[in-house]
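In the working numbering, the protein residues as written are 5 to 231. Think of the CB as a built atom: it goes at the ideal place given N, C-alpha and C, for glycine as much as any other residue. No experiment lies behind these values; they were computed from the predicted model shown. Everything below concerns the one structure shown next.
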């Protein structure tokens with residue numbers, strides 16, 4: 005069984021009410037719920053939240069809310085790993101429900117599609133990996149990273165000999181985390197010695213954290229509809 009988990013706190017500081025803010029006519033979280041439900045591999049979609057409004061909107065969009073998340077797991081410094089482990093523990097105790105694989109889908113990545121989800125899951129199964137993490141190409145060269153020292157002067161953030169300029173560098177884009185349940189329980193992490201990448205294009209990799217990100221995603225969605 006494959007369980008889709010969508011974590012959604014109500015207490016976003018930088019962008020208040022981010023997860024339920026309207027994006028082109030729908031609450032942000034609804035995009036992730038719809039794409040998860042349209043996956044051919046996910047058997048169940050659960051939203052983990054401490055917020056009653058988010059829970060109500062998520063249920064109406066087709067997600068399962070078996071219980072509200074404890075407030076201590078919904079703080080600014082709360083770890084999403086702990087949220088997943090708590091959810092798995094509660095589902096096992098209350099329903100004897102134990103999935104083989106979970107896929108974490110953050111609501112702040114609304115441009116990810118059902119095809120992306122299915123391809124990432126299929127990659128995990130084909131390669132017999134422990135985890136599959138979505139990445140996108142780094143948008144800038146590492147030698148452009150600078151820091152300002154105590155004298156107010158710029159110096160390279162990384163030493164020139166610390167990386168190969170011809171290497172293709174990727175960054176985690178936060179859209180998809182596929183992990184075997186045994187792995188997350190044992191490692192308490194989405195990473196392992198057998199983690200492999202699922203590469204996504206930049207225009208599908210926007211992770212909404214600011215008002216500008218919201219505007220950018222809205223523009224990209226409208227552009228895709230008009231193309």
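Per-residue burial, residue 103 [other beta carbons within 10 Å of its own, 16 or more giving buried] | buried
Could you check what DSSP says for residue 5 in three-state terms: helix, strand or coil?
-> coil
Three or more C-beta pairs closer than 8 Å, one from the region 111-127 and one from the region 185-192: is that the case here?
-> no
Taking only heavy atoms of the ligand ADP into account, decide whether any of them is closer than 6 Å to the Cβ of residue 176.
-> Looking at this structure, you won't find the ligand ADP or any other ligand, since it has none at all.
Just list the beta strand (DSSP E) runs in the region 160-225, keeping only unbroken ones of 3 residues or longer that don't cross its boundaries, in chain order.
-> 174-184, 199-203
Alpha-carbon spacing of residue 151 relative to residue 71, whole angstroms | 45 Å
Go to residue 137, then tell me how far its beta strand (DSSP E) extends in each direction, as first and last residue.
-> 135-141 is the span of the beta strand (DSSP E), which, as asked, contains residue 137.
Assign residue 63 to one of three DSSP states: helix, strand, or coil.
-> helix
Would you mind working out which of 52, 143, 114, 193 sits nearest residue 213, comparing C-alpha positions?
-> 114
Can we say the region 72-88 touches the region 30-43, given the rule of at least three CB pairs closer than 8 Å?
-> When Cβ pairs closer than 8 Å are counted between the two stretches, the region 72-88 is seen not to touch the region 30-43, the count staying below three.
Between 16, 64, 85, which lies nearest to residue 195 when the distance is taken from Cα to Cα?
-> Comparing Cα-Cα distances from residue 195 to each of 16, 64, 85, the minimum goes to 85.
Go through its chain and collect everything with a Cβ distance to residue 226's Cβ below 8 Å, but skip five positions before and after it.
-> 28
Reference residue 101, options 197, 201, 6, closest by Cα = 6
Can you name the start and end residues of the beta strand (DSSP E) that residue 84 belongs to?
-> Secondary structure note for residue 84: it is in no beta strand (DSSP E), and the uninterrupted alpha helix (DSSP H) holding it is 84-99.
Would residue 97 be called buried (16 or more neighbouring beta carbons within 10 Å of its own) or exposed?
-> exposed
Residues that DSSP places opposite residue 68 in a beta bridge = Within the DSSP bridge table, the entry for residue 68 names 50 as partners.
What does a CB cutoff of less than 6 Å around residue 112 pick up in its chain, not counting 5 residues either side in sequence?
-> 211, 212
Check the DSSP bridge columns for residue 121 and list the partner residues they point to.
-> Its beta-bridge partners do not exist; DSSP assigns none.
With distances taken from CA atoms, which of 140, 66, 68, 82 is nearest residue 204?
-> It is 140.
For the candidate residues 118, 20, 126, whose alpha-carbon lies nearest to that of residue 201?
-> 126
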